[in-house]
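Q: Let me give you the structure first, and then I'll get to my questions.
Protein chains in written order, with our numbering: chain E, 2 to 393; chain S, 175 to 304.
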């Protein structure tokens, strides 16, 4: 994809969008998080209405919002003076935001610990477990999106293969922002198959994240176990469809790019910009809205959309107790370390994704691999930038 | 099936786990051949010691409700297990209940009605699930 939309402005626009999207995802965390979590500390669900709790959530969002505006302003300034450095904006500004988030989060975590002690919120007297297996959860992944994506990828590969003899021997592989060609190369099967290959990789990536989400440890609220379980089921279903939709959207985008990579049809600059904006919008906005709507683990889904049998024994127990005495396993409220827990993936304490149980033997390997991969990508791209690969 | 344990209850936690699994099998929430969570997982979920869950599982296995195997873990045996071993235990519990009913001044009919009503409740839950 990089070959086609490598113009600085485009990169900068994508950079701004990614900063904006990661900023928004970060600042809404307290409102997506389970009601029973306050900056990584477990509190009773009924404490969500406590003015101190509400004030803390608000404080975080305001500070994070200011931080986001500040970061966007710096990014725009940077672009105005060094348009070549757009790639660095894309790379480093989201990281800066995450670091800033940590700085904002930490005092609030400490305050939450303190508040919990002051209010005397205690450990629940009810423990809940669900007997369903992980296989059952993996089986419930909506596979239709992935099947459709694979079919579409196969179709676009066939399309490429069939039309391969008709395309010119020398292909344009690069256009500038005004869609004027500025790089060429000899035609090869690779130029034709690069798009289906990229989409195949993406489909695999989305499917893998879907599986990871399915096997993630079930968090069941002891205050309303049946409701919580039903919410979780619905949540996994909705999120599965969301990831499937994203996988299909990417596949569709790459399939539509095929005529362009094969130089059979060259869109105008306006059309290209429009298509990319539409694609990015469709990729970011609906998932973000859905995430906000359903809440962490489906905790914001209301009873009326849940099966009837989940309603009967989901009476709210108005207890001033927290759900689990598991705060001690959450270092700084973010890092989970519990040697007694056989789960590798657990729901985030502060965030809307999943994280590792760092006490699990496998987690060390995974964390190192991920960290190394990230560092290599960052060093690689930064080195390429300083060698002038991205400048013209 | 959801297993819920009340730490404030008078009955010990391993008995609560035991009873809920028996209820689950009777009500059809747990089917024959279904796997139960591993001892570690269940202990972690509920927030109790490994030994507590182990004790419950061993008791369930002794009474024939589940099969404990090293590889597959705990598996539900299901409805219609051979009840020769468990009959004396069942009679024992029933004797106590009958004595309590007599002390309460219930008639034989009332006691029998109560018993069959409870039986039907659980049984209909299972047949409704199928």
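Using N, Cα and C, we set each Cβ at its ideal position, and we do this for glycine too.
Does residue 179 of chain S come within less than 8 Å of chain E when only Cβ atoms are used?
A: Start at 1 with the first residue of the second chain, and residue 179 of chain S comes out as number 5. Closer than 8 Å to some Cβ of chain E, the Cβ of residue 179 of chain S qualifies, so yes.
Q: For the alpha helix (DSSP H) containing residue 232 of chain E, list its first residue and its last residue.
A: Taking the first residue of the first chain as 1, we reach residue 232 of chain E at position 231. Taken as a continuous stretch (DSSP letters only), the alpha helix (DSSP H) holding residue 232 of chain E covers 226-262.
Q: Which whole-angstrom value is the C-beta distance of residue 331 of chain E and residue 350 of chain E, which I expect to be below 8 Å?
A: Position 330 of the first chain, counted from the first residue, corresponds to residue 331 of chain E. Position 349 of the first chain, counted from the first residue, corresponds to residue 350 of chain E. Contact holds; Cβ gap of about 5 Å.
Q: Look at the alpha carbon of residue 388 of chain E and the alpha carbon of residue 381 of chain E, and state the distance between them as a whole number of angstroms.
A: Here the question's residue 388 of chain E lines up with position 387 in the first chain. Here the question's residue 381 of chain E lines up with position 380 in the first chain. Computed Cα separation, rounded: 11 Å.
Q: Check whether chain E comes within 8 Å of residue 251 of chain S, counting only Cβ atoms and requiring the distance to be less than that.
A: Numbered from its first residue, the second chain carries residue 251 of chain S at position 77. Answer no: the Cβ-Cβ gap between residue 251 of chain S and chain E never drops below 8 Å.
Q: Classify residue 166 of chain E as helix, strand or coil using the three-state DSSP reduction.
A: As a position in the first chain, residue 166 of chain E is number 165, starting the count at 1. Of the three classes helix, strand and coil, the one that applies to residue 166 of chain E here is helix, per DSSP.
Q: Using a beta-carbon distance below 8 Å, is residue 280 of chain S in contact with chain E?
A: Numbered from its first residue, the second chain carries residue 280 of chain S at position 106. It does not; no Cβ of chain E falls within 8 Å.
Q: If you compare alpha carbons, which of S:290, S:213, S:287 and S:283 is closest to residue 226 of chain S?
A: Residue 226 of chain S sits at position 52 when you count from the first residue of the second chain. Cα-wise, what sits closest to residue 226 of chain S is S:213.
Q: Just how far apart, CA to CA, sit residue 219 of chain E and residue 347 of chain E?
A: On the first chain, position 218 is the one that residue 219 of chain E refers to. On the first chain, position 346 is the one that residue 347 of chain E refers to. Going from the Cα of residue 219 of chain E to the Cα of residue 347 of chain E covers about 8 Å.
Q: The beta strand (DSSP E) that contains residue 173 of chain E, what's its start and end?
A: Numbered from its first residue, the first chain carries residue 173 of chain E at position 172. Per DSSP, residue 173 of chain E belongs to the beta strand (DSSP E) from 171-176.
Q: List the residues of chain S whose Cβ lies closer than 9 Å to the Cβ of residue 45 of chain E, in chain order.
A: In the first chain, counting from the first residue as 1, residue 45 of chain E sits at position 44. What residue 45 of chain E touches in chain S: nothing, since even the nearest Cβ is about 16 Å away.
Q: In chain E, what lies closer than 7 Å to residue 211 of chain S by C-beta?
A: The sequence position of residue 211 of chain S within the second chain is 37, counting from 1. Ordered by position in chain E, the residues that pass the 7 Å Cβ test against residue 211 of chain S are 130 and 132.
Q: Going straight from the alpha carbon of residue 112 of chain E to that of residue 57 of chain E, what length do you get?
A: What you label residue 112 of chain E is simply residue 111 of the first chain in a count that begins at 1. What you label residue 57 of chain E is simply residue 56 of the first chain in a count that begins at 1. If you take the alpha carbons of residue 112 of chain E and residue 57 of chain E, they lie about 9 Å apart.
Q: May I ask you to report which of helix, strand or coil DSSP gives residue 332 of chain E?
A: Position 331 of the first chain holds residue 332 of chain E. DSSP places residue 332 of chain E in strand when its eight states are reduced to three.
Q: Got a sec? Which residues, its chain only, sit under 7 Å from residue 117 of chain E by beta carbon, not counting five neighbours each side?
A: Against the first chain, residue 117 of chain E aligns to sequence position 116. Around residue 117 of chain E: 42 and 44.
Q: Which residue comes first and which comes last in the alpha helix (DSSP H) that contains residue 109 of chain E?
A: Looking up residue 109 of chain E in the first chain gives position 108. Where residue 109 of chain E is concerned, the enclosing alpha helix (DSSP H) stretches over 87-120.
Q: Using the three-state DSSP reduction, which class does residue 295 of chain S fall into: helix, strand or coil?
A: The count along the second chain starts at 1 and reaches residue 295 of chain S at position 121. In this structure, residue 295 of chain S counts as helix in the three-state DSSP scheme.
Q: Give the range of the beta strand (DSSP E) segment to which residue 180 of chain S is assigned.
A: To locate residue 180 of chain S, count along the second chain from 1; it is residue 6. Unbroken beta strand (DSSP E) run through residue 180 of chain S: 176-180.
Q: Any idea what DSSP makes of residue 182 of chain E, helix, strand or coil?
A: Counted from its first residue, the first chain places residue 182 of chain E at position 181. Three-state result, residue 182 of chain E: strand.
Q: So that I know if they touch, is there some Cβ in chain S lying closer than 8 Å to that of residue 397 of chain E?
A: Chain E is shown from 2 up to 393; residue 397 of chain E falls before or after that span and cannot be answered.
Q: Does residue 184 of chain S have its Cβ less than 8 Å from a Cβ in chain E?
A: Along the second chain, read from residue 1 onward, the residue named residue 184 of chain S stands at position 10. False, the Cβ-Cβ gap to chain E never drops below 8 Å.
Q: Report buried or exposed for residue 131 of chain E, applying the criterion of at least 16 other Cβ atoms within 10 angstroms of its Cβ.
A: As a working mapping, residue 131 of chain E is identified with position 130 in the first chain. By the 10 Å Cβ count, residue 131 of chain E comes out buried.
Q: Taking 8 Å as the CB-CB cut-off, is residue 219 of chain S touching chain E?
A: Mapped onto the second chain, residue 219 of chain S falls at position 45. Chain E, which has a Cβ nearer than 8 Å to the Cβ of residue 219 of chain S, makes this yes.
Q: For residue 127 of chain E, decide whether its Cβ has a neighbour in chain S, counting only Cβ atoms nearer than 8 Å.
A: In the first chain, counting from the first residue as 1, residue 127 of chain E sits at position 126. So, interface residue.
Q: Would you verify that the beta carbon of residue 255 of chain S is, or is not, closer than 8 Å to some beta carbon of chain E?
A: Along the second chain, one-based indexing puts residue 255 of chain S at 81. With 8 Å as the cut-off, residue 255 of chain S does not count as an interface residue toward chain E.
Q: Which of helix, strand or coil does DSSP assign to residue 300 of chain S?
A: By 1-based counting over the second chain, the position of residue 300 of chain S is 126. Reduced to three states, the DSSP call for residue 300 of chain S is helix.
Q: In chain E, which residues lie less than 8 Å from residue 222 of chain S when you measure between Cβ atoms?
A: Residue mapping note: residue 222 of chain S aligns to position 48 of the second chain, counting from 1. Correct list: 128.
Q: What span of residues does the beta strand (DSSP E) with residue 240 of chain S cover, start to end?
A: In the second chain, the residue the question calls residue 240 of chain S occupies position 66. Its beta strand (DSSP E) spans residues 240-243.
Q: Would you say residue 164 of chain E and residue 192 of chain E are within 8 Å of each other, going by their C-beta atoms?
A: Position 163 of the first chain, counted from the start, is the residue given in the question as residue 164 of chain E. Position 191 of the first chain, counted from the start, is the residue given in the question as residue 192 of chain E. Result no, Cβ atoms of residue 164 of chain E and residue 192 of chain E do not sit closer than 8 Å.
Q: For residue 22 of chain E and residue 333 of chain E, what's the separation of their Cα atoms in angstroms?
A: Counted from its first residue, the first chain places residue 22 of chain E at position 21. Counted from its first residue, the first chain places residue 333 of chain E at position 332. Distance between the alpha carbons of residue 22 of chain E and residue 333 of chain E is about 25 Å.
Q: Does any residue of chain S have a CB that is nearer than 8 Å to the CB of residue 342 of chain E?
A: Taking the first chain and counting its residues from 1, one reaches residue 342 of chain E at position 341. By this cut-off, residue 342 of chain E is an interface position.
Q: Whose Cβ in chain E lies nearer than 9 Å to the Cβ of residue 267 of chain S?
A: To locate residue 267 of chain S, count along the second chain from 1; it is residue 93. Those do not exist, as residue 267 of chain S stays about 25 Å from chain E at its closest Cβ, beyond 9 Å.
Q: Between residue 234 of chain S and chain E, is there a C-beta pair that is closer than 8 Å?
A: As a first step, residue 234 of chain S is located in the second chain; it is residue number 60 there, counting from the start. Judged by the 8 Å Cβ criterion, residue 234 of chain S is not in contact with chain E.
Q: Tell me, please, whether the CB atom of residue 175 of chain S is closer than 8 Å to any CB atom in chain E?
A: As a first step, residue 175 of chain S is located in the second chain; it is residue number 1 there, counting from the start. Output row for residue 175 of chain S: interface = yes.
Q: Return the residue from the list E:327, E:335, E:264 and E:244 that minimises the CA-CA distance to residue 287 of chain E.
A: Walking along the first chain from the start, residue 287 of chain E turns up at place 286. Nearest of E:327, E:335, E:264 and E:244 to residue 287 of chain E, Cα basis: E:244.
Q: Got a sec? Which residues, its chain only, sit under 7 Å from residue 339 of chain E by beta carbon, not counting five neighbours each side?
A: Against the first chain, residue 339 of chain E aligns to sequence position 338. Closer than 7 Å at the Cβ level, and outside the excluded window around residue 339 of chain E, lie 330, 358 and 360.
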